[in-house]
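Protein chains: 2
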Amino acid sequence: MSLVDNLVSANESYSSSLSDSEKSLPLPPGKKYAVVTCMDARLHPAKALGINLGDAHIIRNAGGSAQDALRSLTISQQLLGTEVVVVVKHTDCGMLTFTNADIKAVIARNLGEDAAHESEGADYLPFPELEDAVREDVQFLKSSPLVCDKAKQSVSGFVYEVETGRVRRVV
Amino acid sequence: MSLVDNLVSANESYSSSLSDSEKSLPLPPGKKYAVVTCMDARLHPAKALGINLGDAHIIRNAGGSAQDALRSLTISQQLLGTEVVVVVKHTDCGMLTFTNADIKAVIARNLGEDAAHESEGADYLPFPELEDAVREDVQFLKSSPLVCDKAKQSVSGFVYEVETGRVRRVV
Numbered sequence: 000m001s002l003v004d005n006l007v008s009a010n011e012s013y014s015s016s017l018s019d020s021e022k023s024l025p026l027p028p029g030k031k032y033a034v035v036t037c038m039d040a041r042l043h044p045a046k047a048l049g050i051n052l053g054d055a056h057i058i059r060n061a062g063g064s065a066q067d068a069l070r071s072l073t074i075s076q077q078l079l080g081t082e083v084v085v086v087v088k089h090t091d092c093g094m095l096t097f098t099n100a101d102i103k104a105v106i107a108r109n110l111g112e113d114a115a116h117e118s119e120g121a122d123y124l125p126f127p128e129l130e131d132a133v134r135e136d137v138q139f140l141k142s143s144p145l146v147c148d149k150a151k152q153s154v155s156g157f158v159y160e161v162e163t164g165r166v167r168r169v170v
Numbered sequence: 000m001s002l003v004d005n006l007v008s009a010n011e012s013y014s015s016s017l018s019d020s021e022k023s024l025p026l027p028p029g030k031k032y033a034v035v036t037c038m039d040a041r042l043h044p045a046k047a048l049g050i051n052l053g054d055a056h057i058i059r060n061a062g063g064s065a066q067d068a069l070r071s072l073t074i075s076q077q078l079l080g081t082e083v084v085v086v087v088k089h090t091d092c093g094m095l096t097f098t099n100a101d102i103k104a105v106i107a108r109n110l111g112e113d114a115a116h117e118s119e120g121a122d123y124l125p126f127p128e129l130e131d132a133v134r135e136d137v138q139f140l141k142s143s144p145l146v147c148d149k150a151k152q153s154v155s156g157f158v159y160e161v162e163t164g165r166v167r168r169v170v
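Residue numbers (numbering that gives the first Met the number 0), protein chains in the order written: chain A, 0 to 170; chain B, 0 to 170.
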């Protein structure tokens, strides 16, 4: 079976396991918070943090970047009523392993001139130190005019350890 | 217990349930694909699509926007070896309910002048029609110089129905 066929087939059992109340959850997150975390394949944020269906927005991108998540967070807070943000980065993150110059060299080599040109001004948001990056993201949210006051007061930052499955609070 | 205490407490049972092989998964996704989907609280992509820990990058943002996900997808493909992208948007998405002008008016009203100024040039990427938005995102990826050829050839687009838990393929 192809990858996509596998996803569709797994979805058949999932959909038949959903309860009526799960199928009629409202659009706004029931627990009024958003989690920003990494796209990393070893993270399972809902299970790792006990987030039930309908509870929270989960935003994921390379590195769990708050800056990259700002569009989503603004929509989450201004249109869908969330008031708390939890930032979760993790050990052994890919973002610790390269610089903007590195990835741009890879792009130019693998994808050619048009891609090199397209990525010229881009910031891929790598970071050299994990806990500092958590602190910087929390500071970014606290100082953004687009983050609501309640979220500024309550924003917290965690590190998830892929080697143990545990989170530890940084901010 | 506070929201954050609850997350930490749930994490304790999760971490103790992780197997040794789950704790030693490698950084690059084992099945070499990435899913782009929405931050919506009613979506549980890993369970809904049978994605096991370590299989795939999962990128989530408001609307499951491929454009917003491009930085993450480039890192995923160029540095971590993924070759397939699956875009999954969903019914009853918040992005169907507003325009850029609407959210900018809300931002100005709720957050004041600095925020209004900060969001002036921003595109919040709302869409008026769901299946068209899936097709447009797939087209965006197929025409981006930053997407690798294998991913261009295999990109697919789905709608997840929050009312049934089922996915249906659009592209």
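Beta carbons: idealized from backbone N, C-alpha and C, even for Gly.
Under 8 Å, Cβ to Cβ, is there at least one residue of chain A near K22 of chain B? By 1-based counting over the second sequence, the position of residue 22 of chain B is 23. Chain A contact via Cβ: present.
Quick check: what's the CA-CA separation for N99 of chain A versus K31 of chain A? For the purposes of this step, residue 99 of chain A is taken as residue 100 along the first sequence, with counting starting at 1. For the purposes of this step, residue 31 of chain A is taken as residue 32 along the first sequence, with counting starting at 1. Here the alpha carbons of K31 of chain A and N99 of chain A stand approximately 35 Å from one another.
Which stretch, first to last residue, makes up the alpha helix (DSSP H) that contains V137 of chain A? Start at 1 with the first residue of the first sequence, and residue 137 of chain A comes out as number 138. Boundaries of the alpha helix (DSSP H) around V137 of chain A: 129-142.
Assuming H56 of chain A is part of the beta strand (DSSP E), what are its boundary residues? For the purposes of this step, residue 56 of chain A is taken as residue 57 along the first sequence, with counting starting at 1. Boundaries of the beta strand (DSSP E) harbouring H56 of chain A: 55-60, taken from the DSSP string.
Three-state secondary structure assigned by DSSP to A107 of chain B: Within the second sequence, numbered from 1, the residue matching residue 107 of chain B stands at position 108. Reduced to three states, the DSSP call for A107 of chain B is helix.
Can you tell me which of A:K103, A:V87, A:H116 puts its alpha carbon nearest to the alpha carbon of A33 of chain A? One-based indexing of the first sequence puts residue 33 of chain A at position 34. It is A:V87 whose Cα lies nearest to the Cα of A33 of chain A.
Identity of the residue in B:K151, B:D19, B:T96, B:L42 nearest N51 of chain A by Cα: On the first sequence, position 52 is the one that residue 51 of chain A refers to. Just measuring C-alpha positions, the residue of B:K151, B:D19, B:T96, B:L42 sitting nearest N51 of chain A is B:L42.
Return the CA-CA distance between C37 of chain A and K103 of chain A, expressed in angstroms with no decimal places. Counting from one through the first sequence, the residue named residue 37 of chain A turns up at place 38. Counting from one through the first sequence, the residue named residue 103 of chain A turns up at place 104. If you take the alpha carbons of C37 of chain A and K103 of chain A, they lie about 21 Å apart.
Residue burial classification, G120 of chain B (beta-carbon count within 10 angstroms, cutoff 16): The count along the second sequence starts at 1 and reaches residue 120 of chain B at position 121. Taking all protein chains in view, the Cβ of G120 of chain B is surrounded by fewer than 16 other Cβ atoms within 10 Å, so the residue is classified as exposed.
When B:Q152, B:S75, B:L2 are compared against K141 of chain B, the one with the closest alpha-carbon: Taking the second sequence and counting its residues from 1, the one referred to as residue 141 of chain B is at position 142. Relative to the Cα of K141 of chain B, the nearest Cα in the group B:Q152, B:S75, B:L2 belongs to B:Q152.
May I ask which residues mark the beginning and end of the beta strand (DSSP E) holding K88 of chain B? Residue 88 of chain B sits at position 89 when you count from the first residue of the second sequence. Counting along the chain, K88 of chain B sits inside the beta strand (DSSP E) bounded by residues 83-89.
What does the alpha-carbon distance come out to for the pair V3 of chain A and F157 of chain B? One-based indexing of the first sequence puts residue 3 of chain A at position 4. One-based indexing of the second sequence puts residue 157 of chain B at position 158. One C-alpha to the other measures close to 10 Å.
Determine, using beta carbons only, whether L48 of chain A comes closer than 8 Å to chain B. As a working mapping, residue 48 of chain A is identified with position 49 in the first sequence. Cβ-Cβ to chain B under 8 Å: yes for L48 of chain A.
With H, G and I counted as helix, E and B as strand and the rest as coil, what does DSSP make of Y123 of chain A? Walking along the first sequence from the start, residue 123 of chain A turns up at place 124. Secondary structure at Y123 of chain A: coil, using DSSP grouped into helix, strand and coil.
Residue span of the alpha helix (DSSP H) that contains K33 of chain B, given as start and end: Numbered from its first residue, the second sequence carries residue 33 of chain B at position 34. The sequence as given places Ala at residue 33 of chain B; Lys does not occur at that position. For A33 of chain B, there is no enclosing alpha helix (DSSP H); the residue is part of the beta strand (DSSP E) that begins and ends at 32-37.
Outcome for R59 of chain A when other beta-carbon atoms lying within 10 angstroms are tallied against a minimum of 16: The residue given as residue 59 of chain A occupies position 60 in the first sequence. With 16 or more other Cβ atoms within 10 Å, it is buried.
With burial defined as no fewer than 16 other Cβ atoms inside 10 Å of the residue's Cβ, what is the status of R70 of chain A: buried or exposed? Reading the first sequence from its first residue, position 71 is the one you call residue 70 of chain A. Buried is the call here.
Considering only DSSP beta bridges, list what Y159 of chain A is partnered with. Start at 1 with the first residue of the first sequence, and residue 159 of chain A comes out as number 160. Looking at the DSSP assignment, Y159 of chain A forms a beta bridge with A:H89, A:V166.
Leaving aside the five residues before and after D39 of chain B along the sequence, list all residues of the same chain whose C-beta is less than 8 Å from its C-beta, in chain order. Here residue 39 of chain B is taken as the residue at index 40 of the second sequence, counted from 1. Once the five neighbours on either side are set aside, the close Cβ partners of D39 of chain B are H89, C92, G93, V161.
Mind reading off the beta-carbon distance from A9 of chain A to L48 of chain B? Whole number of angstroms is fine, and I expect it under 8 Å. As a working note, residue 9 of chain A is residue 10 in the first sequence. As a working note, residue 48 of chain B is residue 49 in the second sequence. Your pair A9 of chain A and L48 of chain B checks out as a contact, with CB atoms roughly 6 Å apart and the cut at 8 Å.
What is the residue span of the alpha helix (DSSP H) that T96 of chain B lies within? As a position in the second sequence, residue 96 of chain B is number 97, starting the count at 1. Bounds of any alpha helix (DSSP H) do not take in T96 of chain B, whose DSSP letter is neither H nor E.
Cβ pair S118 of chain A, L145 of chain B closer than 8 Å: What you label residue 118 of chain A is simply residue 119 of the first sequence in a count that begins at 1. What you label residue 145 of chain B is simply residue 146 of the second sequence in a count that begins at 1. Against a cut-off of 8 Å, the Cβ pair of L145 of chain B and S118 of chain A comes out as a contact.
Under 8 Å, Cβ to Cβ, is there at least one residue of chain B near H43 of chain A? Position 44 of the first sequence, counted from the start, is the residue given in the question as residue 43 of chain A. Yes - at least one Cβ of chain B is within 8 Å of the one on H43 of chain A.
For T96 of chain A, is the classification buried or exposed, using 16 other Cβ atoms within 10 angstroms of its Cβ as the cut-off for buried? Residue 96 of chain A sits at position 97 when you count from the first residue of the first sequence. An exposed status is given to T96 of chain A, since fewer than 16 other beta-carbon atoms sit within 10 Å of its beta-carbon.
Going by beta carbon distance, what residues of the same chain come within less than 7 Å of T81 of chain A, once the five residues before and after it are set aside? Mapped onto the first sequence, residue 81 of chain A falls at position 82. Closer than 7 Å at Cβ, skipping near neighbours: P28, K31, Y32, A33, H56, S75.
Could you give the DSSP three-state label for L2 of chain A: helix, strand or coil? In the first sequence, the residue the question calls residue 2 of chain A occupies position 3. The DSSP-derived three-state label of L2 of chain A is helix.
Check the Cβ of F139 of chain A against every Cβ in chain B and list those closer than 7 Å, keeping chain order. Counted from its first residue, the first sequence places residue 139 of chain A at position 140. Ordered by position in chain B, no residue passes the 7 Å Cβ test against F139 of chain A, which lies about 13 Å from the chain.
Helix, strand or coil: which one does DSSP assign to I74 of chain A? One-based indexing of the first sequence puts residue 74 of chain A at position 75. I74 of chain A falls in the helix class under three-state DSSP.
Quick one: list the residues of chain A neighbouring K88 of chain B, beta-carbon separation under 9 Å, in chain order. Numbered from 1 along the second sequence, position 89 holds the residue referred to as residue 88 of chain B. Chain A residues near K88 of chain B: none, gap ~14 Å exceeds 9 Å.
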